[in-house]
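What follows is one structure encoded as structure tokens, with my remarks underneath.
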Amino acid sequence: MARDPLNPLHNPGVAQALSIRGHELVAFSISGVSTYVLAPSLDACFDMGHCPVEGARLRNVLLTHCHQDHALGVIRHRAIRQMWGDSPSRVFVPEESRAALLAVLRAVDAMEGRGREDTLERDVTGVRAGETFELSKRCRVEAFDVVHKAPSRGYSAIERRRALKAPFVGRPGVELAEARRRGEELYDYTDQRTITYIGDSTIETLERVDPSVLDCDVLFLEATHVGATDPAVSEKYGHTHLNELAALFRRAPERFGRSQIVLKHWSTRYSRSEITEALRALPPAFGARITALL
Ligand SMILES: [Zn+2]
Ligand SMILES: [Zn+2]
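If you count the sequence shown from 1, position 156 lands on 1643 in this note's numbering, and the numbers rise without skipping.
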């Protein structure tokens, strides 16, 4: 396909800082090139197509699948953390792809000729659909199945929040310490589903998945294609067309819960203006909830 060098790609190659419902995130995504989302409050990255320096500061890497534009950055993530003397990267990957990823990482170690202590068996965890794992004491992640051309998982973070019980609000610290000594419970705890992240996927995932998973603060979805591209092409390659998301919203808006939606993974075949034009044509109630990674 001939490309006009003066017609700029939709994304200039710079990660975006996002601030959505109190969640501070950094995200980058171009289909086939690289996708990653940094979530510092979770000490985690969702996908790792490329590893920016800021990404290497976060210990956990949650790979949705092992296509190169989502997984290649793991090599650099491990290398930078080792260079800094940090604890090894902790990688979560669909169980079906774990052995292949381990083989790649071991091959890189051999290629570099470094005597790296092999802790990979411990550091790389295979994830099955329906499993839950802990990122920290206050955050657990539910994994679910995603329809794509490679084995793929979606990840949904549930954070435990605490708030002082009503009788203790505004009381001086010495009183709280006294109550704690008496063994009283000072806090109420609630679970909040904060970020749900789906990597590459057909629209089918959104129709299959338990609706509670999509009812979160920030929902990352893919929209690879827009405009005149036939949605059959999206389906063929395991992707989603923006029109399919709009149709699902018209048919069943409750499917998207209360989430604010971030759309990512636009194809390199589109210019920025083609995508913004397609976004403007969305049902206004849907468009108002969307942040596009452009
Ligand atoms: Zn991709
Ligand atoms: Zn993919």
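Heads up, the beta-carbon is just placed ideally off N, CA and C, and yes, glycines get one too. Because the structure is a prediction, the values reported are computed rather than measured.
Exercise. With DSSP as the reference, label residue 1716 as helix, strand or coil.
Key: coil
Exercise. Give a yes or no on whether the C-beta atoms belonging to residue 1655 and residue 1643 are separated by under 8 Å.
Key: Result no, Cβ atoms of residue 1655 and residue 1643 do not sit closer than 8 Å.
Practice problem: Note down, one range per segment and in chain order, each alpha helix (DSSP H) of at least 4 residues found wholly within the region 1525–1586. | Solution: Counting whole runs of 4 or more residues, the region 1525–1586 contains the alpha helix (DSSP H) stretches 1540–1543, 1555–1558 and 1560–1571.
Quiz item: Could you give the residue range of the beta strand (DSSP E) that holds residue 1773?
Solution: Here residue 1773 belongs to no beta strand (DSSP E); instead the alpha helix (DSSP H) covers 1771–1774.
Quiz prompt | Sufficient close CB pairs (3 or more, under 8 Å) joining the region 1558–1577 to the region 1534–1550 | solution = yes
Quiz item: Does the beta-carbon of residue 1646 have 16 or more other beta-carbons within 10 angstroms, so that it is buried, or is it exposed?
Solution: Buried: at least 16 other Cβ atoms inside 10 Å.
Self-check item: Three or more C-beta pairs below 8 Å linking the region 1748–1764 and the region 1502–1515
Solution: yes
Quiz item: Measuring from the CB of residue 1728, is there a heavy atom of ligand 2 at a distance below 7 Å?
Solution: Not under cutoff, so the answer is no.
Self-check item: Integer-rounded CB distance, given that residue 1701 should sit under 8 Å from residue 1440
Solution: This structure does not reach residue 1440, given that the chain is present from 1488 up to 1781, and the question cannot be answered.
Practice problem: Take residue 1634 and list the residues in its own chain whose beta-carbon comes closer than 8 Å to its own, dropping the five residues that flank it on each side. | Solution: 1688, 1689, 1691, 1692, 1695 and 1725
Quiz item: DSSP three-state call for residue 1489: helix, strand or coil?
Solution: Residue placement at residue 1489 is flagged as unreliable, the pLDDT there being 49, under the threshold of 50; a coordinate-derived value is accordingly withheld.
Exercise. Give the range of the beta strand (DSSP E) segment to which residue 1506 is assigned.
Key: Per DSSP, residue 1506 is one residue of the beta strand (DSSP E) stretching across 1503–1507.
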